[in-house]
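Offset between the sequence shown (1-based) and my numbering: plus 346. Beta carbons are placed, not taken as given, at the ideal position from N, Cα and C, and that holds for glycine. Presented below is the structure to which this report refers.
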Amino acid sequence: MLKSLRIWKFLGVILLRNVYVISLIGITTPHHLLAQTTTENYAAVSEDQIINNDSESQNTSVYFNRGIDKYNQRDFPGALSDFTKAIELRQDFIEAYYNRGILRIDLGNYQGGIADFYNVINLDYSRTEAYYNRGNIRSISGSWEIIQGQLPILLK
Numbered sequence: 347m348l349k350s351l352r353i354w355k356f357l358g359v360i361l362l363r364n365v366y367v368i369s370l371i372g373i374t375t376p377h378h379l380l381a382q383t384t385t386e387n388y389a390a391v392s393e394d395q396i397i398n399n400d401s402e403s404q405n406t407s408v409y410f411n412r413g414i415d416k417y418n419q420r421d422f423p424g425a426l427s428d429f430t431k432a433i434e435l436r437q438d439f440i441e442a443y444y445n446r447g448i449l450r451i452d453l454g455n456y457q458g459g460i461a462d463f464y465n466v467i468n469l470d471y472s473r474t475e476a477y478y479n480r481g482n483i484r485s486i487s488g489s490w491e492i493i494q495g496q497l498p499i500l501l502k
């Protein structure tokens, strides 16, 4: 019983901008869903179409969608490259930061994942999934003090 109490010690309900989120900080598997884009026009395309396209926002969407395709095909280095390129083209691309953070978790680059989730939070502090994943990364790495210190901030 004591062991199960310790496991659920960090289970908490967080109220964030009138959205209740159950934060299972202490579970060692992060939330593994990639963000999807609302545009369907730029699904998987070839490299020459990206280079010949004039619009920067279209290029960003192409790289982002191609990164999702590569992730789903388990081509993690290719997906990382495409998400990074989308971020280089548009520094405020929240979904690209989020997806790259998930990908970095899969690759074991926890500090890189935390950095990407910080960027998501800095761009839109209401993105609760970024807090959730950042907390899970910290629980995997055993940073309990940091997690406990951030709970009061999230409850405000």
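What is the DSSP secondary structure of residue i, reduced to helix, strand or coil?
i: D462; result: helix
i: Y471; result: coil
i: F410; result: helix
i: N455; result: coil
i: Q419; result: coil
i: A390; result: Residue confidence is low: A390 scores 39 on pLDDT, short of 50, so the model does not pin down where it sits. Its coordinate-derived value is still stated next. In the structure shown, A390 sits in coil (DSSP, three-state: anything other than H, G, I, E or B).
Got a sec, what are the start and stop residues for the alpha helix (DSSP H) residue i sits in?
i: T422; result: Looking at the sequence itself, residue 422 is Phe, so the reference to Thr does not match. Element bounds for F422: 422-435.
i: N445; result: 440-452
Using only the alpha-carbon positions, how far apart do residue i and residue j sit?
i: I486; j: N455; result: 12 Å
i: I440; j: Y471; result: 11 Å
i: I483; j: N411; result: 25 Å
i: K431; j: Y409; result: 7 Å
i: G413; j: Q404; result: 14 Å
i: Y417; j: L469; result: 24 Å
i: Q419; j: R473; result: 26 Å
i: N465; j: D438; result: 9 Å
i: D415; j: E475; result: 21 Å
Please report the Cβ distance between residue i and residue j, rounded to the nearest whole angstrom; I am assuming they are in contact, meaning their Cβ atoms lie under 8 Å.
i: Y443; j: I433; result: 6 Å
i: R480; j: I460; result: 6 Å
i: Y478; j: I467; result: About 11 Å separates the two Cβ atoms, so there is no contact after all.
i: L449; j: F429; result: 7 Å
i: T406; j: R436; result: 5 Å
*Inspect the CB distances between the stretch 456-465 and the stretch 410-425 and report whether three or more fall short of 8 Å.*
no
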